[in-house]
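In terms of my numbering, the sequence shown opens at residue 319 and continues consecutively. Beta carbons: idealized from backbone N, C-alpha and C, even for Gly. Note that the coordinates shown come from a computational prediction; the quantities given were computed from them, not determined experimentally. Structure first, commentary second.
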Amino acid sequence: GNDLVSTTALTAAGVHLILFTTGRGTPFGGPVPTVKVSTNTALSEQKKNWIDFNAGKLLEGKGMGELSAEFFAYIIEVASKNILTKNEQNNYREIAIFKKGVTL
């Protein structure tokens, strides 16, 4: 599905936090805190103002358990409002308007 429309739909449905994985670095930030998770370190380093968490460390040898624990702790901090996501820090709060018919 379309990332932007899906995020808008989730927000309209009442979610409080979105986990958004990206391998390309989509600069979208929804109306709610949108945690952008990069799939590789290069992307995380290139898009410092967009990416919140670098999951690419797994490919560099960090253990799944350790990285999962870091990610879980980060999510708890965001949900508790102790940390702002990059979209919140930069005031990126976009929506995508639905259209009648197929969305590609």
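May I ask you to report which of helix, strand or coil DSSP gives residue i?
i      : result
Ile336 : strand
Val396 : helix
Lys375 : helix
Lys404 : helix
Thr357 : coil
Thr344 : coil
Could you work out which residue in the options is closest to residue i when comparing CA atoms only?
i      : options                           : result
Leu337 : Asn409, Leu377 and Asn372         : Asn372
Gly341 : Gln364, Val350, Ile413 and Leu335 : Gln364
Ile401 : Pro345, Pro349, Gly332 and Asp370 : Asp370
Lys404 : Gly343, Asn320 and Asp321         : Gly343
Does the separation of the CB atoms of residue i and residue j fall below 8 Å?
i      : j      : result
Asn409 : Asn367 : no
Arg411 : Pro349 : yes
Distance check for residue j and residue i, CA to CA, integer angstroms please.
i      : j      : result
Thr329 : Glu384 : 30 Å
Pro351 : Phe389 : 15 Å
Ala414 : His334 : 17 Å
Ser398 : Lys354 : 17 Å
Gly332 : Gly347 : 16 Å
Asn320 : Ile393 : 24 Å
Glu406 : Gly374 : 23 Å
Ser386 : Thr339 : 14 Å
- When the Cβ atoms of the segment 321–330 are set against those of the segment 354–361, are three or more pairs found closer than 8 Å? no
- Query: So, do the segment 373–385 and the segment 410–419 have three or more beta carbon pairs nearer to each other than 8 Å?
  - Reply: no
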